[in-house]
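In my numbering, the protein residues as written are 12 to 393.
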C-alpha cells in the first residue's frame, strides 16, 4: 500500500473561514494527535521516513494540517475522526467540532519511470501543493543510535520498500514535471540524509535542483546540515535553489547533545554563522530552520534563539515534537497544547514586529506551514 501525504481539494461545503479558535484546535491536534475511525483503514498517510511521519494530512476550512494518527500518543488522544464517505467529522470526546477533508491519491502517483520505479517512491505530495523528496534515504549516523538523531525514522520507509535509497536528478526532474502538470504542485522540498562528505548533502541537492529546474519552473527549498564550506550556498543558488533549510531542531547544547548527539558535533555557534552566510546568498526570509518544541528546551530558550535567528533574517519554523513509532523517542511525551499555543503566539509576534512572514518564503516547509499553527497565528501580528 502506498502511504504518502497528498491532500484532496476540500468539498464545496468546506469553503469557509476557519473557526475563530482554529490555532488552538491545531495546537491540540498536533500535540495530542487523533484516532482515525474508518473500517476501510487509514488510507493515505505516512509512516516512517525523513519528513513529517506517522501523520495524515487533513484540511480544515481550506487550511492544510498535519495530524499524528499512527504514533502512541494518538492512540490516547481525546480527538477522533469519524469517517463518512469523502469527509470526516472531528470529535473531542463525544462533542462534534468540525469537518475534515482528507487525502486522495494524486494523479502522478499512477506513473512509473521507464525502469519501473513508481513515481511515489521518488517524491510525494505533502500538504496541499508541495512536492517533497529525500534525495539520499540514508544517513551516516542513522545506523548507530549513539550518534543518530533519537527521533529520526529515515530508514523505516526504506526498510518498508516505500522509497528508494537514492533518487537520481533525472528521476526527480521527471516526477516534478509530472506533479506540476497533473496535480498543480507549486513548490518543492528536497531534503537528504547526511553523507560522509564535508558538503553534508549540498552536492547531491545541487545536482537534483539543477535537473528539476531544467525540466520545470518550480521553486525549490533545499534542506541539509551546514556544509563545512559555506561556498556551497552560492552553488545551491546557482543550481536553482530558491530557499534553504538549515535545521537546528534543538536550541541548547545540552538538549542537542542528548537528542541529536551526532548532529550536535556541529555547534549552535556554527549554525548562527551559517545562517548569516546563507541569508547573504538567498535573502532575508528565504532561510529557515526547524525548531522542535517539546524535547527539553525551555520556552525562554526557544524564544531567545528565535529572536537571534529573526535578527539574522532567518524564519524560525517552530513545530511541536511528534514522537515516531520505532524510534528511541517513541514514548517521549508530546508538548502540552497550552505550552505550544503560548510559545507560537510569542514567535508570531516577533515575526510580525520584524516583518518576516511565511507568505514571502518562495518554497518549503515554512511556506506550507502545515506542521505547526505558527503560520495561522502570524495573521494576528501582520
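A virtual CB, placed ideally from N, CA and C, is assigned to each residue, including glycine.
Self-check item: Short CB-CB distance (under 8 Å) between residue 234 and chain D
Solution: The structure shown contains no chain D; it holds only a single protein chain.
Practice problem: Determine the direct distance from the alpha carbon of residue 193 to that of residue 327, and round the result to whole angstroms. | Solution: The residue you call residue 327 lines up with position 316 of the chain shown. The residue you call residue 193 lines up with position 182 of the chain shown. Answer to the nearest angstrom: the Cα atoms are 32 Å apart.
Quiz item: From 112, 174, 169 and 84, pick the residue whose C-alpha is nearest to that of residue 131; which is it?
Solution: Taking the chain shown and counting its residues from 1, the one referred to as residue 131 is at position 120. Comparing Cα-Cα distances from residue 131 to each of 112, 174, 169 and 84, the minimum goes to 174.
Self-check item: Segment contact flag, the stretch 88-103 with the stretch 137-146, C-beta cutoff 8 Å, min 3 pairs
Solution: no
Quiz item: What's the gap between the Cα of residue 290 and the Cα of residue 377?
Solution: The residue labelled residue 290 in the question sits at position 279 within the chain shown. The residue labelled residue 377 in the question sits at position 366 within the chain shown. Computed Cα separation, rounded: 15 Å.
Exercise. Leaving aside the five residues before and after residue 299 along the sequence, list all residues of the same chain whose C-beta is less than 6 Å from its C-beta, in chain order.
Key: Position 288 of the chain shown, counting from 1, holds the residue named residue 299. Excluding residues within five positions, the ones whose Cβ falls inside 6 Å are 256, 326, 328 and 377.
Quiz item: Relative to the C-alpha of residue 266, which residue among 304, 232 and 285 is closest?
Solution: Residue 266 sits at position 255 when you count from the first residue of the chain shown. Checked all of 304, 232 and 285; the closest Cα to residue 266 is 304.
Quiz item: Do you know offhand how far residue 366's Cα is from residue 393's?
Solution: Here residue 366 corresponds to residue number 355 of the chain shown, with the count starting at 1. Here residue 393 corresponds to residue number 382 of the chain shown, with the count starting at 1. Going from the Cα of residue 366 to the Cα of residue 393 covers about 7 Å.
Practice problem: Name the one or two DSSP bridge partners that residue 328 has. | Solution: Residue numbering aside, residue 328 sits at position 317 when the chain shown is read from its first letter. Beta-bridge pairing links residue 328 to 301.
Self-check item: Nearest-angstrom Cα separation, counted from residue 91 out to residue 48
Solution: Counting from one through the chain shown, the residue named residue 48 turns up at place 37. Counting from one through the chain shown, the residue named residue 91 turns up at place 80. Distance between the alpha carbons of residue 48 and residue 91: 7 Å.
Exercise. Determine the closest residue to residue 180 out of 354, 227, 235 and 151, with distance taken between C-alpha atoms.
Key: The residue you call residue 180 lines up with position 169 of the chain shown. Measuring from the Cα of residue 180, the nearest candidate turns out to be 227.
Quiz item: Which first and last residues belong to the beta strand (DSSP E) in which residue 77 is found?
Solution: Taking the chain shown and counting its residues from 1, the one referred to as residue 77 is at position 66. Residue 77 -> beta strand (DSSP E) spans 74-79.
Exercise. Alpha carbon to alpha carbon, how far is residue 128 from residue 168? Give it in angstroms, no decimals.
Key: Here residue 168 refers to the residue found at position 157 of the chain shown. Here residue 128 refers to the residue found at position 117 of the chain shown. Rounded to whole angstroms, residue 168 and residue 128 show a C-alpha spacing of 15 Å.
Practice problem: Within 10 angstroms of the Cβ of residue 15, are there 16 or more other Cβ atoms? Answer buried if so, exposed if not. | Solution: On the chain shown, position 4 is the one that residue 15 refers to. Caution is warranted here: a pLDDT of 43 is assigned to residue 15, below 50, making its placement in the model unreliable, and no coordinate value can be reported.
Self-check item: Best match in 352, 288, 349 and 316 for proximity to residue 301 [C-alpha to C-alpha]
Solution: Here residue 301 is taken as the residue at index 290 of the chain shown, counted from 1. Comparing Cα positions, the closest option is 316.
Quiz item: Quick one: is residue 23 buried, meaning 16 or more other Cβ sit within 10 Å of its Cβ, or exposed?
Solution: Working through the chain shown from its first residue, we reach residue 23 at position 12. In this prediction, residue 23 scores a pLDDT of 38, lower than 50, which makes its location untrustworthy; the coordinate-derived value is nonetheless stated afterwards. Residue 23 should be labelled exposed.
Exercise. With a threshold of 16 other CB atoms inside 10 Å of the CB of residue 86, please say whether the residue is buried or exposed.
Key: Taking the first residue of the chain shown as position 1, residue 86 is located at position 75. Under this definition residue 86 is an exposed residue.
Exercise. Keeping to the same chain, check which residues put their C-beta closer than 7 Å to that of residue 150; ignore five residues upstream and five downstream.
Key: In the chain shown, residue 150 corresponds to position 139, counting from 1. The answer, listed in chain order, is 165, 204 and 205.
Quiz item: Any idea if residue 389 is buried or exposed, counting beta-carbon neighbours within 10 angstroms, 16 or more meaning buried?
Solution: Sequence index remark: in the chain shown, residue 389 carries index 378 (1-based). It counts as buried.
Exercise. Decide if residue 21 is buried, meaning its Cβ has at least 16 other Cβ atoms within 10 Å, or exposed.
Key: Numbered from 1 along the chain shown, position 10 holds the residue referred to as residue 21. Note that residue 21 has pLDDT 41, beneath the 50 cutoff, so the model's placement of it is unreliable and the number below is only indicative. With 16 or more other Cβ atoms within 10 Å, it is buried.
Quiz item: Which first and last residues belong to the alpha helix (DSSP H) in which residue 107 is found?
Solution: Within the chain shown, the letter at position 96 stands for residue 107. Note, residue 107: premise wrong, no alpha helix (DSSP H); beta strand (DSSP E) at 106-111.
Exercise. Could you give the DSSP three-state label for residue 207: helix, strand or coil?
Key: As a working mapping, residue 207 is identified with position 196 in the chain shown. Looking at residue 207 - three-state DSSP - the assignment turns out to be coil, as it is neither helix nor strand.
Self-check item: Residue burial classification, residue 208 (beta-carbon count within 10 angstroms, cutoff 16)
Solution: Taking the chain shown and counting its residues from 1, the one referred to as residue 208 is at position 197. Its Cβ having fewer than 16 others within 10 Å, residue 208 is exposed.
Exercise. Kindly list the residues whose CB is nearer than 7 Å to the CB of residue 19, restricted to its own chain and excluding five residues on each side of it in sequence; keep chain order.
Key: Position 8 of the chain shown, counting from 1, holds the residue named residue 19. In this prediction, residue 19 has a pLDDT of 39, which is less than 50 and means its spatial position is unreliable; what the coordinates show is noted afterwards. Within the same chain, residue 19 has close Cβ partners 112, 113, 114 and 115.
Quiz item: Which word fits residue 342, buried or exposed, when buried means at least 16 other C-beta atoms lie within 10 angstroms of its C-beta?
Solution: Numbered from 1 along the chain shown, position 331 holds the residue referred to as residue 342. It counts as exposed.
Self-check item: Buried or exposed by the 16-neighbour rule on C-beta atoms within 10 Å, applied to residue 27
Solution: Here residue 27 refers to the residue found at position 16 of the chain shown. Any answer about residue 27 is weak, because its pLDDT of 49 lies below 50 and its placement is not dependable; what the coordinates show is given next. That one is exposed.
Quiz item: Distance, Cα to Cα, residue 160 vs residue 338?
Solution: Within the chain shown, the letter at position 149 stands for residue 160. Within the chain shown, the letter at position 327 stands for residue 338. Going by the C-alpha atoms only, they are around 9 Å apart.
Quiz item: Does the pairing of the stretch 211-225 with the stretch 244-261 give three or more beta-carbon distances under 8 Å?
Solution: yes
Quiz item: Would a C-beta distance cut-off of 8 Å place residue 283 and residue 319 closer than the cut-off?
Solution: Taking the chain shown and counting its residues from 1, the one referred to as residue 283 is at position 272. Taking the chain shown and counting its residues from 1, the one referred to as residue 319 is at position 308. Going by C-beta atoms, residue 283 is nearer than 8 Å to residue 319.
Quiz prompt | Cβ separation of residue 190 and residue 119, assumed to be a contact under 8 Å, to the nearest whole Å | solution = Locating residue 190 in the chain shown gives position 179, counting from the first residue. Locating residue 119 in the chain shown gives position 108, counting from the first residue. Indeed they touch by this definition, with Cβ atoms about 5 Å apart.
Quiz prompt | residue 47, enclosing beta strand (DSSP E) - first and last residue | solution = Stepping through the chain shown from its first residue, residue 47 is reached at position 36. Note, residue 47: beta strand (DSSP E), 46-48.
Self-check item: Assigned exposure category for residue 288 - 16 Cβ within 10 Å defines buried
Solution: Numbered from its first residue, the chain shown carries residue 288 at position 277. Its Cβ being crowded by 16 or more others within 10 Å, residue 288 is buried.
Quiz prompt | Local conformation of residue 278 per DSSP, three classes | solution = As a first step, residue 278 must be located in the chain shown, where it is residue number 267. In this structure, residue 278 counts as coil in the three-state DSSP scheme.
Quiz prompt | Extent of the continuous alpha helix (DSSP H) to which residue 214 belongs | solution = Along the chain shown, one-based indexing puts residue 214 at 203. Element bounds for residue 214: 213-226.
Quiz item: Quick one: is residue 17 buried, meaning 16 or more other Cβ sit within 10 Å of its Cβ, or exposed?
Solution: Mapped onto the chain shown, residue 17 falls at position 6. Confidence at residue 17 is low in this model, with a pLDDT of 42, below 50, so its placement is unreliable and the value that follows should be read with caution. Under this definition residue 17 is a buried residue.
Quiz item: Which residue or residues does DSSP assign as beta-bridge partners of residue 129?
Solution: Translated into the one-based positions of the chain shown, residue 129 becomes position 118. Answer is 123, bridged to residue 129.
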